[in-house]
Amino acid sequence: MKNFLLLVVAVLLGIGGATQALSAEIQTISKEELKSKLGSYEYTILDVRSDHHWNASDNKIPGAIRLSGDQVDIWAENFHKNTPLVIYCACEGLGTSGRLVSRLMEKGFTHVYALSGGWTEWLMNSYPVAHK
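Here the sequence shown stands for residues -23 to -1, 1 to 109, numbered as in mature numbering (1 follows the signal peptide of the UniProt record, and there is no 0).
Structure below.
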């Protein structure tokens, strides 16, 4: 029984480590940093909010391009792999944006970031928005 418990603990620690490693791979950018870079064209900003969230709002982050997260493999071909990309979704966590950052990194993109806090925190902080 003692050996079984040790095995369970070891497996759980291994899974936790794998989850941490996955999180560590996702590069993020803070809303403050992105706000300071607006208008500089340093980043291409991609709005991947779901249709529901996109249609529920009249606004977006200034300069953002609306793309479907479900079609990442198609639209990724239109960007050079060294293009700095910032991806945001409606969720405060990494949700869709984190998943897409991971996917793009797997495809060889080197400068791709998920917006920490996403659209929700961007709005809560009254940061600049543009009409769609």
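We put the beta carbon where it would ideally sit given N, CA and C, even for glycine.
- What does Asn32 pair with, by DSSP beta-bridge criteria? Looking at the DSSP assignment, Asn32 forms no beta bridge with any residue, so it has no partner.
- What is the rounded straight-line gap between the Cα of His57 and the Cα of Glu9? 26 angstroms
- Task: Could you tell me if Ala47 is buried or exposed, where buried requires 16 or more neighbouring beta carbons within 10 angstroms of its beta carbon?
- Result: The question names Ala, but residue 47 is Asp in the sequence shown. Looking at its Cβ environment, which holds fewer than 16 other Cβ atoms inside 10 Å, Asp47 is exposed.
- Message: Mapping the DSSP letters down to three states, classify Ile3 as helix, strand or coil.
- Response: coil
- Message: What does the alpha-carbon distance come out to for the pair Gln4 and Trp31?
- Response: 24 angstroms
- How should Ala67 be labelled, buried or exposed, when 16 other C-beta atoms within 10 angstroms of its C-beta is the threshold for buried? buried
- Should Ile51 be labelled buried (16 or more other beta-carbon atoms within 10 Å of its own) or exposed? exposed
- Query: alpha helix (DSSP H) containing Leu77: first to last residue?
  - Reply: Gly72 to Glu83
- Write down every uninterrupted run of the alpha helix (DSSP H) in the segment 8 to 59 whose length is 4 residues or greater and which is fully enclosed by it, in chain order. 8 to 14, 28 to 32 and 49 to 52
- To the nearest whole angstrom, what separates the beta carbons of Leu62 and Thr21, a pair I think is in contact under 8 angstroms? 5 angstroms
- Message: If I follow the unbroken alpha helix (DSSP H) through Gly95, where does it start and stop?
- Response: Gly95 to Met101
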